[in-house]
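Quick note on the UniProt record's numbering: the sequence shown kicks off at 1 and runs consecutively.
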Amino acid sequence: MKPASSNRILKYLQGYPEHLQSQVRTLIDEQRLAEYLANRYGGQHSIQSDKALYSYVNSLKQENLRSAPQVDKVLFDNRLDLTHRALGLHTAVSRVQGGKLKAKKEIRIASLFKDAAPEFLEMIVVHELAHLKEHDHNKAFYKLCTYMLPDYHQREFDLRVYLTAKEVGQI
């Protein structure tokens, strides 16, 4: 008889090869998903306010994307969640000021990242910062992400494992 989750659809990992999905299913069956994540990402960051998040985002931007447009507003957003398939959001709010059109750049990060490992917060911030230069999820976008964060793809995969662990109640 097959384990309970052998046919489970892992919605956050659907784009990954079957052998990786199978490994995650095994960790679910053995109740070891949280242990896997804790071994790789044991800590929690101290960024809990919008002001601290703004400072963090701007320091990463200064370090990696000095020529990108200034970010005017950064905040944790309670309305962003997994049901909307958005963990972060970048927007440009356009306003007319004195006959000129001004676009203010905003980055919103899902509030679930307040309790996540610092590596996951960094990954989602890098993702949103990359959108300042590249709007689409294309080759240039991911090249920019890996320029800012060399292990970007591993962290993105592990973030998806983290979301899966939350979904199956192992975190």
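Glycine is no exception: its CB is placed at the ideal position from the N, C-alpha and C atoms.
Check                                                                                                                                        : Outcome
May I have a chain-ordered list of the alpha helix (DSSP H) segments no shorter than 4 residues that lie completely inside the stretch 4-89? : 18-29, 33-40 and 50-64
Hey, how far is the Cα of residue 180 from the Cα of Gly99?                                                                                  : Within the shown structure, residues of the chain are numbered from 1 to 171, placing residue 180 beyond reach of any answer.
I'd like to check one pair, Asn78 with Ser46: are the Cβ atoms closer than 8 Å?                                                              : no
For Leu121, tell me which candidate among Phe76, Tyr147 and Lys104 has the shortest Cα-Cα distance.                                          : Phe76
Per the DSSP calculation, Gln97 is bridged to which residue(s)?                                                                              : Lys100
Residue 173 and Leu65: beta carbons closer than 8 Å?                                                                                         : Here the chain covers residues 1 to 171 and nothing more, so residue 173 does not appear.
Does the beta-carbon distance from Gln154 to Ile28 come in below 8 Å?                                                                        : no
Does DSSP classify Lys114 as helix, strand or coil?                                                                                          : helix
Taking all protein chains shown into account, decide if Asp151 is buried (16 or more other Cβ within 10 angstroms of its Cβ) or exposed.     : exposed
Can you tell me the Cβ-Cβ gap for Met60 and Val74, rounded? I've got them flagged as a contact below 8 Å.                                    : Position check: residue 60 holds Leu in this sequence, whereas Met was assumed. Rounded, the Cβ-Cβ distance is 11 Å, inconsistent with contact.
May I ask you to report which of helix, strand or coil DSSP gives Ile171?                                                                    : coil
Please classify Asp158 as buried or exposed, where buried requires at least 16 other C-beta atoms within 10 Å of its C-beta.                 : buried
Please classify Leu101: is it buried, with 16 or more other beta-carbons within 10 angstroms of its beta-carbon, or exposed?                 : exposed
Out of Lys166, Glu156 and Ala165, which has the shortest C-alpha to C-alpha gap to Gly15?                                                    : Glu156
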